[in-house]
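Q: In my numbering, the protein residues as written are 15 to 83. Even for Gly, the Cβ is constructed at its ideal location relative to N, Cα and C. Have a look at this one.
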Amino acid sequence: MLRACVDVVLRRDVVERYAVTNPVALRWMVRQLLGNAAGSFSINRFHADLKSQGFSAAKDTLHTYLGYL
15 MLRACVDVVL
25 RRDVVERYAV
35 TNPVALRWMV
45 RQLLGNAAGS
55 FSINRFHADL
65 KSQGFSAAKD
75 TLHTYLGYL
């Protein structure tokens, strides 16, 4: 239920409002942030993790998405 709520908020309040071009990367970022809320977050490390999973997004795009959140 919480995951569905997060997905609705992301889609309506972030993806549509800011015309996000890579919603998969954004969703992955949110899951990383929520899963490790007390830990540190690095765009460089996240970019490497994303790339290792076969997804691509520019670091500048990831910085922008983080700003949207």
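Around the C-beta of Q34, are 16 or more other C-beta atoms found within 10 angstroms, so that it is buried, or is it exposed?
A: The identity of residue 34 in the sequence shown is Val, whereas the question assumes Gln. Counting Cβ neighbours within 10 Å, V34 comes out buried, since at least 16 surround it.
Q: List the whole-angstrom C-beta distance separating L40 from L64, where the pair is believed to meet the contact cut-off of C-beta under 8 Å.
A: The Cβ separation is near 11 Å, so there is no contact.
Q: Classify F55 as helix, strand or coil using the three-state DSSP reduction.
A: It is coil, neither helix nor strand.
Q: Looking at the structure shown, is F60 part of a helix, part of a strand, or coil, going by DSSP?
A: helix
Q: Considering only residues of the same chain and omitting the five flanking positions on each side of Y82, which have a CB-CB separation below 6 Å?
A: Same-chain partners within the cutoff: V28, Y32.
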